[in-house]
Amino acid sequence: MLCSAEDQDDNLRVRAVRTRHQMKGISMASGTVKWFNAEKGFGFIAQDGGGPDVFAHYSNINASGFRELQEGQAVTFDITQGQKGPQAENITPA
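Just so you know, we're using UniProt numbering here: the sequence shown kicks off at 1 and counts up by one.
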């Protein structure tokens with residue numbers, strides 16, 4: 001199988017991001033918004049495949065303007081360890 005130089009560059013970038021995430025203790029995940037209170041700016045995400053619910057703060061949502069999530073919305077995110085448990089960062093609607 002032949003790969004173009006561009007494909008090889010993309011593969012290297014993906015591996016570099018994964019390596020940085022692993023070194024920082026970040027794991028990439030997907031899930032569904034369990035609930036989100038737009039007035040308070042936080043909520044929780046249920047992980048696909050199980051595991052503890054993940055805290056979601058509006059400041060970690062990748063969006064412009066007013067940042068909020070909708071109940072039942074599919075998202076991808078990075079999981080880090082917060083002060084009180086797992087926390088979502090880099091939240092992106094799927």
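For every residue, glycine included, the Cβ atom is placed at its ideal position computed from N, Cα and C.
| query | Would DSSP call S64 helix, strand or coil? | reply | coil
| Going by DSSP, which residues form a beta bridge with Q87? | F55, T80
| query | When burial is assigned at 16 or more other CB atoms within 10 Å of the CB, is A74 buried or exposed? | reply | exposed
| Distance between G41 and S59 (C-alpha atoms, nearest Å) | 8 angstroms
| So the beta strand (DSSP E) K34 belongs to, where does it begin and stop? | 27 to 37
| query | If we call anything under 9 angstroms between Cβ atoms a contact, is V54 one with P93? | reply | no
| Three-way DSSP call (helix, strand, coil) for Q70 in this model | coil
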